[in-house]
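The structure appears below as structure tokens.
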Amino acid sequence: MLPIKSKSLVLKTLFTSTNILYCLTNIQGSVIFWTSVGTQKIKGTKKITSTAIETTLKQLFKEVNILGCKYLHIQLKGFNKNKKFILKFFKQTKLEILSISDQTSLPHNGCKIRKAKRI
11 MLPIKSKSLV LKTLFTSTNI LYCLTNIQGS VIFWTSVGTQ KIKGTKKITS TAIETTLKQL
71 FKEVNILGCK YLHIQLKGFN KNKKFILKFF KQTKLEILSI SDQTSLPHNG CKIRKAKRI
């Protein structure tokens with residue numbers, strides 16, 4: 011754990027198809043704490059349920075309280091139906107959310123798919 015000089019942190023959340031990764035960083039980008047739903051010993055499709063996400067968020071909130079943080083910037087990346095659930099969880103806490111940004115990248119048609127081989 012790194013010592014914190016300022017009272018604000020950045021929570022970076024990455025949604026994958028099978029897991030959700032959380033990374034707490036300071037304003038400069040140095041990682042202070044990270045966790046994921048998979049580190050809670052939850053396997054398979056249970057990782058993307060709301061109860062599994064809630065247990066991970068509670069662990070993350072305990073860590074933020076230990077660090078003495080009062081302000082939070084939230085950055086979201088990826089597609090998931092539980093984005094609003096995570097935002098509601100942090101709005102109910104004592105932390106003041108300074109900014110919420112969604113950094114999901116959408117392809118504008120992307121690369122051409124290779125021609126299928128005829129057999």
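Positions in the sequence shown are counted from 1; adding 10 to them yields this note's numbering.
Beta carbons are placed, not taken as given, at the ideal position from N, Cα and C, and that holds for glycine.
The structure presented is a predicted model; accordingly, all values stated were derived computationally and were not measured.
Quiz item: Taking the C-alpha atoms as reference points, what is the distance between S27 and S115?
Solution: S27 and S115: Cα-Cα distance of roughly 15 Å.
Self-check item: Buried versus exposed call for K22 [16 or more other C-beta atoms within 10 Å across all chains shown]
Solution: Buried, since its Cβ has 16 or more Cβ neighbours within 10 Å.
Practice problem: Select from Y81, Q113 and N90 the residue whose C-alpha is nearest the C-alpha of T103. | Solution: It is Y81 whose Cα lies nearest to the Cα of T103.
Self-check item: Contact under 7 Å by Cβ, V41 with T35
Solution: Against a cut-off of 7 Å, the Cβ pair of T35 and V41 comes out as a contact.
Quiz item: Do you know whose CA, among Q85, N29 and I52, lies nearest L108's CA?
Solution: When each option's Cα is compared against that of L108, the closest is Q85.
Self-check item: 6 Å Cβ shell around V20 - same chain, five flanking residues per side excluded
Solution: Counting only Cβ-Cβ distances below 6 Å, and skipping sequence neighbours, we find T35 and H83.
Quiz item: Going straight from the alpha carbon of E73 to that of C33, what length do you get?
Solution: Taking the Cα positions, E73 is about 11 Å away from C33.
Quiz prompt | Residue environment, A126, which counts as buried when at least 16 other CB atoms sit within 10 Å | solution = A126 comes out exposed.
Practice problem: Compare the C-alpha of D112 against each of L67, F99 and F89 and name the closest. | Solution: When each option's Cα is compared against that of D112, the closest is F89.
Quiz item: Is F25 buried or exposed, if buried means 16 or more other CB atoms sit within 10 Å of its CB?
Solution: Counting Cβ neighbours within 10 Å, F25 comes out buried, since at least 16 surround it.
Practice problem: Note down, one range per segment and in chain order, each beta strand (DSSP E) of at least 3 residues found wholly within the segment 59–95. | Solution: Runs found: 81–87.
Exercise. Would you check if the distance between the CB atom of V47 and the CB atom of T66 is smaller than 7 Å?
Key: Yes. Within cutoff.
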